[in-house]
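Trainee: Here the sequence shown stands for residues 32 to 124, numbered as in this note's numbering. We treat Cβ as the ideally placed atom computed from N, Cα and C, and that holds for glycine. After the structure tokens below, expect a handful of questions from me.
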Amino acid sequence: MITLRPYQRASIDAVWAYLSAREGNPAVLMPTGGGKSPTMAGLIREALERWPGTRIAVVAHVRELVAQNAQKMLSVWPEAPIGIYSASLGRRD
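Structural data, given as structure tokens:
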């Protein structure tokens, strides 16, 4: 399991603060190499812990990002209930 960096943790906390104060669609921006995948995985884990049974879709435009996001999710949360639906990866979980 990986540990999030302080700025990644702060990003997740900012999303929760936004959602608790207003309706809308918060956005988190990070540079290349900033750890978007582990941050997203951490946020998803917390959402599923708060609201079990919720379904979350992560959409990416290239198979490398689909595979990377799934791998990072499992590194943050090894028991994550994930599936991949990708023709280019040959999976329909």
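For a test of the three-state rule: what should DSSP assign to serine 119, helix, strand or coil?
Mentor: coil
Trainee: When the Cβ atoms of the segment 88-100 are set against those of the segment 48-61, are three or more pairs found closer than 8 Å?
Mentor: No, the segment 88-100 is not in contact with the segment 48-61.
Trainee: Are glycine 73 and isoleucine 115 closer than 8 Å when you measure CB to CB?
Mentor: no
Trainee: Mind checking glutamine 39: buried by the 16 CB within 10 Å criterion, or exposed?
Mentor: buried
Trainee: What are the start and end residues of each continuous alpha helix (DSSP H) run of 4 or more residues lying completely inside the segment 39-120, in chain order?
Mentor: 67-81, 94-107
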